[in-house]
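Same order as they appear, the protein sequences are chains H and E.
Okay, so the first sequence: first residue is 1 according to the working numbering, each after it adds one.
Okay, so the second sequence: first residue is 247 according to the working numbering, each after it adds one.
There are 2 protein chains.
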Amino acid sequence: MSRDSHIVSSFDDDLNQIETLLLEMGALVENQIENAARSLIRRDVEIGEKVIITDKAIDNLEFEIDNCTVRILALRSPKAQDLRMVVIAPKIAANLERIGDYCKNIAKRVNVLVNGRQLGSADITIESMNDFVQEMVHDVLDALKRRDQDKATDVWLRDRNVDQMHNTLFRELLTHMMEDPRSISDCMHLLFIAKNIERMGDHATSIAEKVYYFVSGKMLEDERPKSDTTSSTTIDSDEADELKCD
Amino acid sequence: MSRDSHIVSSFDDDLNQIETLLLEMGALVENQIENAARSLIRRDVEIGEKVIITDKAIDNLEFEIDNCTVRILALRSPKAQDLRMVVIAPKIAANLERIGDYCKNIAKRVNVLVNGRQLGSADITIESMNDFVQEMVHDVLDALKRRDQDKATDVWLRDRNVDQMHNTLFRELLTHMMEDPRSISDCMHLLFIAKNIERMGDHATSIAEKVYYFVSGKMLEDERPKSDTTSSTTIDSDEADELKCD
Numbered sequence: 001m002s003r004d005s006h007i008v009s010s011f012d013d014d015l016n017q018i019e020t021l022l023l024e025m026g027a028l029v030e031n032q033i034e035n036a037a038r039s040l041i042r043r044d045v046e047i048g049e050k051v052i053i054t055d056k057a058i059d060n061l062e063f064e065i066d067n068c069t070v071r072i073l074a075l076r077s078p079k080a081q082d083l084r085m086v087v088i089a090p091k092i093a094a095n096l097e098r099i100g101d102y103c104k105n106i107a108k109r110v111n112v113l114v115n116g117r118q119l120g121s122a123d124i125t126i127e128s129m130n131d132f133v134q135e136m137v138h139d140v141l142d143a144l145k146r147r148d149q150d151k152a153t154d155v156w157l158r159d160r161n162v163d164q165m166h167n168t169l170f171r172e173l174l175t176h177m178m179e180d181p182r183s184i185s186d187c188m189h190l191l192f193i194a195k196n197i198e199r200m201g202d203h204a205t206s207i208a209e210k211v212y213y214f215v216s217g218k219m220l221e222d223e224r225p226k227s228d229t230t231s232s233t234t235i236d237s238d239e240a241d242e243l244k245c246d
Numbered sequence: 247m248s249r250d251s252h253i254v255s256s257f258d259d260d261l262n263q264i265e266t267l268l269l270e271m272g273a274l275v276e277n278q279i280e281n282a283a284r285s286l287i288r289r290d291v292e293i294g295e296k297v298i299i300t301d302k303a304i305d306n307l308e309f310e311i312d313n314c315t316v317r318i319l320a321l322r323s324p325k326a327q328d329l330r331m332v333v334i335a336p337k338i339a340a341n342l343e344r345i346g347d348y349c350k351n352i353a354k355r356v357n358v359l360v361n362g363r364q365l366g367s368a369d370i371t372i373e374s375m376n377d378f379v380q381e382m383v384h385d386v387l388d389a390l391k392r393r394d395q396d397k398a399t400d401v402w403l404r405d406r407n408v409d410q411m412h413n414t415l416f417r418e419l420l421t422h423m424m425e426d427p428r429s430i431s432d433c434m435h436l437l438f439i440a441k442n443i444e445r446m447g448d449h450a451t452s453i454a455e456k457v458y459y460f461v462s463g464k465m466l467e468d469e470r471p472k473s474d475t476t477s478s479t480t481i482d483s484d485e486a487d488e489l490k491c492d
């Protein structure tokens with residue numbers, strides 16, 4: 001093997017390693033999303049504990065990806081799509097790490113919720129919102145793997161649905177709290193869980209932007225249509241009574 | 247001027263530009279933190295509106311920093327501390343952008359809170375928590391400017407206090423909600439605002455880690471002591487009654 005081809009091959013190895021680490025991290029995060037939801041829906045503290053422990057492995061992968069990036073930049077001078085991979089990898093890793101953190105946070109709250117009452121319909125909405133976001137994460141990683149900018153755009157557009165589910169849930173939980181002040185503590189935790197899942201969706205969307213840039217070299221131009229209106233949601237007691245009658 | 251010195255000087259210009267953009271972004275974000283709090287405490291919708299509009303300028307600065315980074319990496323081969331600056335700049339920009347988003351979110355919630363009652367003590371705790379975080383952001387940017395790794399470590403350690411303030415506030419607001427269900431909607435927004443400020447502190451801490459790495463070339467090793475226990479906080483009605491008597 002000539003010296004040149006040796007250099008080329010080991011540069012490719014480095015680049016492949018970044019992608020392998022990213023996809024490994026992604027698979028782990030997908031798993032965490034599923035387990036966090038399972039632990040929540042079943043109020044299963046043991047699964048929750050597993051999610052909390054596994055988070056460390058995700059943090060370590062982010063650290064490894066960052067190191068790999070710095071090594072490539074210090075030793076090689078990547079160009080074009082290779083450079084774009086090196087630039088987006090630590091950012092995607094940071095997004096995945098945050099999604100992992102949200103899973104951990106959900107798992108922690110299960111420890112409190114395990115002693116409370118089930119809030120039937122809210123649980124179901126949270127579960128379907130979680131499934132939806134899990135699929136976004138799965139698909140955006142697939143878009144990265146396949147260099148598929150259309151699939152990335154598709155994920156990016158789906159964030160609107162997450163926001164809408166979050167709005168519904170926000171109103172539902174606020175109403176629960178007003179109807180039955182004993183449920184306030186549980187509902188609060190479910191509201192933060194809902195917010196966590198909504199933020200996971202934002203991070204999947206942010207990964208989609210990076211995958212699009214990586215594949216095409218262009219930015220996803222338009223401002224994404226945002227539909228999260230919970231920061232301006234208010235429910236007064238009369239309205240709560242009205243909703244109760246529905 | 248020789249071709250070589252021209253190249254060197256324009257490389258320095260590029261690097262300086264990244265730092266200038268970062269510090270400009272930081273100053274804008276500091277301002278946003280202050281105005282978001284002012285808008286909240288005074289329930290002043292106009293200042294809130296200004297915060298919401300200004301957020302776009304922060305997003306644009308992040309975009310500019312990212313572009314500048316890619317340009318340097320594509321055209322130069324930065325080494326050592328220069329390379330570290332290029333690597334951390336887009337990450338710090340992402341942290342600052344998120345802090346900016348939280349300010350915008352706080353400002354949006356003022357539109358709802360303006361019609362509610364003041365919740366005296368909670369407002370005061372939120373204000374001091376906000377002041378504390380604003381100082382963290384100010385100091386970590388100063389640490390970057392001065393290449394001061396000790397100051398970065400100092401900011402990093404302060405996150406514990408933010409978590410403790412957040413815990414106090416979380417319990418205080420939950421108690422308010424239980425005492426007076428009419429305050430639920432307002433308290434919910436204040437709880438999310440408190441969470442936003444707590445997250446701003448996390449981002450300031452994350453910037454501190456990057457500044458430390460930039461200056462020293464090493465990672466801040468130890469796991470930061472976390473004191474946010476709100477994900478496992480619960481208050482039952484009896485406890486709320488008890489707290490009411492204090």
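We put the beta carbon where it would ideally sit given N, CA and C, even for glycine.
Predicted model, so just to flag it, every value in this text is computed and none were measured.
Mind checking which residues open and close the alpha helix (DSSP H) that includes residue i?
i                      : result
residue 216 of chain H : 184–216
residue 220 of chain H : Residue 220 of chain H -> no alpha helix (DSSP H), and no H or E assigned at all.
residue 48 of chain H  : 45–75
residue 336 of chain E : 326–359
Quick one: which chain H residues come within Cβ less than 9 Å of residue i?
i                      : result
residue 335 of chain E : By Cβ distance, chain H contributes nothing, its closest Cβ being about 11 Å from residue 335 of chain E, past 9 Å.
residue 316 of chain E : 83, 84 and 87
residue 446 of chain E : Within chain H, no residue comes near residue 446 of chain E; the closest Cβ sits about 15 Å away, beyond 9 Å.
Residues of chain E with CB closer than 8 Å to the CB of residue i, please, in chain order.
i                      : result
residue 109 of chain H : 477 and 478
residue 114 of chain H : Simply none; closest approach about 11 Å.
residue 94 of chain H  : 337 and 340
Check the Cβ of residue i against every Cβ in chain E and list those closer than 9 Å, keeping chain order.
i                      : result
residue 73 of chain H  : 319, 323, 324, 329, 332 and 333
residue 25 of chain H  : Per Cβ cutoff of 9 Å: no residues; residue 25 of chain H is ~16 Å from chain E at best.
residue 191 of chain H : 434, 437 and 438
Given that residue i touches chain E, what residues does it touch there, using C-beta distances under 7 Å?
i                      : result
residue 174 of chain H : 430, 431 and 434
residue 16 of chain H  : Result: empty, since nearest Cβ-Cβ is about 19 Å, beyond 7 Å.
residue 105 of chain H : 477
Could you list which residues in chain H have their beta carbon closer than 7 Å to that of residue i, in chain order?
i                      : result
residue 424 of chain E : 181 and 184
Under 8 Å between beta-carbons, which chain H residues line up against residue i? List them in chain order, please.
i                      : result
residue 306 of chain E : None at all; the shortest Cβ gap to chain H is about 12 Å.
Worksheet item: Are the segment 208–220 of chain H and the segment 140–160 of chain H touching, with three or more C-beta to C-beta distances below 8 Å?
Response: yes
Worksheet item: With a cut-off of 8 Å, do at least 3 Cβ pairs link the segment 316–330 of chain E to the segment 418–432 of chain E?
Response: no
Discussion item. Does the segment 89–96 of chain H come into contact with the segment 161–178 of chain H, if we say contact requires no fewer than three beta-carbon pairs (one atom in each stretch) closer than 8 Å?
Written reply: Cβ pair count under 8 Å is below three, so no.
Worksheet item: Quick one: any contact between the segment 351–363 of chain E and the segment 98–116 of chain H, if contact means 3 or more CB pairs under 8 Å?
Response: no
Discussion item. Does the structure place the segment 122–129 of chain H close enough to the segment 6–25 of chain H that three or more beta carbon pairs sit under 8 Å?
Written reply: no
Discussion item. Please give me, in chain order, every unbroken run of the alpha helix (DSSP H) with length at least 4 that falls completely inside the segment 350–428 of chain E.
Written reply: 366–392 and 395–425
Discussion item. I want to know whether the segment 332–339 of chain E touches the segment 281–288 of chain E - three or more CB-CB distances under 8 Å.
Written reply: Three or more Cβ pairs closer than 8 Å define a contact, and the segment 332–339 of chain E falls short of that threshold against the segment 281–288 of chain E.
Worksheet item: So does the segment 49–63 of chain H actually touch the segment 79–87 of chain H, counting three or more Cβ pairs closer than 8 Å?
Response: no
Practice prompt. Would you check if there are 3 or more beta carbon pairs closer than 8 Å linking the segment 376–391 of chain E to the segment 439–457 of chain E?
Written response: yes
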